[in-house]
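Okay, structure first, notes after.
Numbering (our numbering), first residue to last: 3 to 450.
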């Protein structure tokens, strides 16, 4: 195919993807700010934040993945101009997302009650427990916001969620400044203050979207379907059918990173802090890839509804071209900054040195990460989601984690060994998902 065949797709993906990207980058900026402010307040609090955030990221990413099942459904309804049905589907999505959020709260509470079994440094416990409890209460608000965001994305309105997320991020950073350090008459709460600020920002995001949907003219065309529609088995079954495999796929991927925090804790507090720092930094690439891939999902779901197989493939490979270009840039940025980027979070020389060491693994897995994200989202757009969950389990729990344990502890390579499995697992997963997409879109016509 010629470059001109992809030009229109490049433009459309960028137009849809940039607001998603900016919203996700806002999350990264807050992650930088949170960890930098906490790390400069206390190194031990940074290690405690690493432990808590890695486990909650697992819950949040599963929840975000579950909500992704809404996007191709809304995309298809929007393409066919069935707007009242889209409103009804949103109502069902909010209901099932709230139930999933409450279930995740119970799972995370069970983990907190078994904290002693995880073998973490004893000095972290006084910081972990209050921060953990505060994070628990934010889960339902995040899940409800996710439903609104995926609905909005499916209608090609990616700007509204971006502005809400960016506004909440600003509030979070201001809250951190006041509550962590005790400015403007506030008590100096440290890590607990960061937790309170994060909870407030997540409640804000949810409430703003509720207000916009209820009162803004843009959403009036969906309001009748939302108001009169019923929560029904058909809608719920469809949301669960698409959402659970995507949630599992993303949760498994996040789990391989976040469960490795336990192994880092076995090495020591410095390794745990370095894991948190490099995790925040590498999420920069992931969120950019996700913004592009989410735009691909929106377009693929619309072409799938019209049975336009050629443009399903063209928009997917246009997204792949963009992601690979971004991956090269991210690799170069990490390589240039590897020796000093740890100082953005802490002045501890040991942690900074470990961040520089772990950067080599982060550089190596960027292409594989981009590859698996684009094809996972293309498969999501054509509603083929079960295969990706099984392959994610195979690659992350069958390759990434075992290789990390082998290199980190059996071979004695320490922290860098724990990270050695990630490039292998992500690259193999990307190749498997790419092969699946090619077989499906070359061999058969897509079903509505």
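No residue lacks a Cβ here, since even glycine has one placed at the ideal position from N, Cα and C.
Being a predicted model, the structure only gives us computed values, none of them experimental.
Where do the ends of the alpha helix (DSSP H) carrying residue i lie?
i	result
residue 157	From DSSP, residue 157 is part of no alpha helix (DSSP H); its letter is neither H nor E.
residue 169	161-183
residue 1	Only positions 3 to 450 of the chain appear in the structure, and residue 1 is not among them; the question remains open.
residue 268	262-269
residue 92	85-115
residue 71	Note, residue 71: premise wrong, no alpha helix (DSSP H); not H, not E.
residue 228	222-230
residue 410	Unbroken run through residue 410: none, as it is neither H nor E.
residue 138	127-138
Residue i: which of the options sits nearest, CA to CA?
i	options	result
residue 461	153, 335, 238 and 116	The structure shown has nothing for residue 461, since the chain only spans 3 to 450.
residue 159	406, 128, 214 and 276	214
residue 204	344, 173 and 106	173
residue 243	14, 59 and 68	68
residue 144	209, 135 and 329	209
residue 36	224, 55 and 406	55
residue 295	310, 18 and 86	18
residue 10	252, 94 and 316	316
residue 401	273, 338 and 259	259
residue 288	23, 16 and 14	23
residue 256	338, 57, 48 and 27	57
residue 379	299, 82 and 399	299
residue 439	223, 340 and 311	311
residue 59	261, 80, 270 and 161	261
residue 20	309, 424, 328 and 194	328
residue 230	337, 88, 111 and 347	88
So, helix, strand or coil for residue i, using DSSP?
i	result
residue 340	coil
residue 190	coil
residue 415	coil
residue 397	helix
residue 367	helix
residue 421	coil
residue 449	For residue 449, the predicted structure reports a pLDDT of 46, less than 50, and the residue's modelled location is therefore unreliable. The matter cannot be settled from this model.
residue 434	helix
residue 233	coil
residue 82	coil
residue 36	helix
residue 347	coil
residue 362	helix
residue 148	helix
residue 7	helix
residue 323	helix
residue 309	coil
residue 277	helix
Note down, in chain order, each residue of its chain lying with its Cβ closer than 6 Å to the Cβ of residue i, except the 5 sequence neighbours on either side.
i	result
residue 441	none
residue 388	247
residue 12	320
residue 434	393
residue 444	none
residue 86	226 and 227
residue 175	35
residue 134	54 and 114
Which same chain residues, not among the five before or five after residue i, have their C-beta less than 7 Å away from its C-beta?
i	result
residue 413	419
residue 428	367, 370, 371 and 374
residue 96	146 and 149
residue 360	276, 280, 417, 418 and 421
residue 113	57
residue 266	273, 274, 277, 417 and 420
residue 211	147, 150 and 166
residue 341	358
residue 25	163, 164, 167 and 168
One question on the structure: do residue i and residue j come within less than 8 Å of each other, judged by their Cβ atoms?
i	j	result
residue 91	residue 140	no
residue 354	residue 345	yes
residue 41	residue 136	no
residue 93	residue 233	yes
residue 238	residue 98	yes
residue 73	residue 156	yes
residue 293	residue 63	no
residue 325	residue 365	no
residue 382	residue 14	no
residue 269	residue 314	no
residue 224	residue 152	no
residue 164	residue 251	no
Is there a Cβ of chain C sitting closer than 8 Å to that of residue i, yes or no?
i	result
residue 226	Among the chains of the structure shown, chain C does not appear; only one protein chain is present.
Go through its chain and collect everything with a Cβ distance to residue i's Cβ below 8 Å, but skip five positions before and after it.
i	result
residue 422	363, 405, 406, 409, 410 and 415
residue 8	316, 319, 320 and 323
residue 78	303, 304, 306, 307 and 450
residue 65	99, 102, 103, 106, 141, 144, 145, 148 and 249
residue 130	50, 53, 54, 117 and 122
residue 447	Any answer about residue 447 is weak, because its pLDDT of 49 lies below 50 and its placement is not dependable; what the coordinates show is given next. Cβ within range, chain order: 309 and 311.
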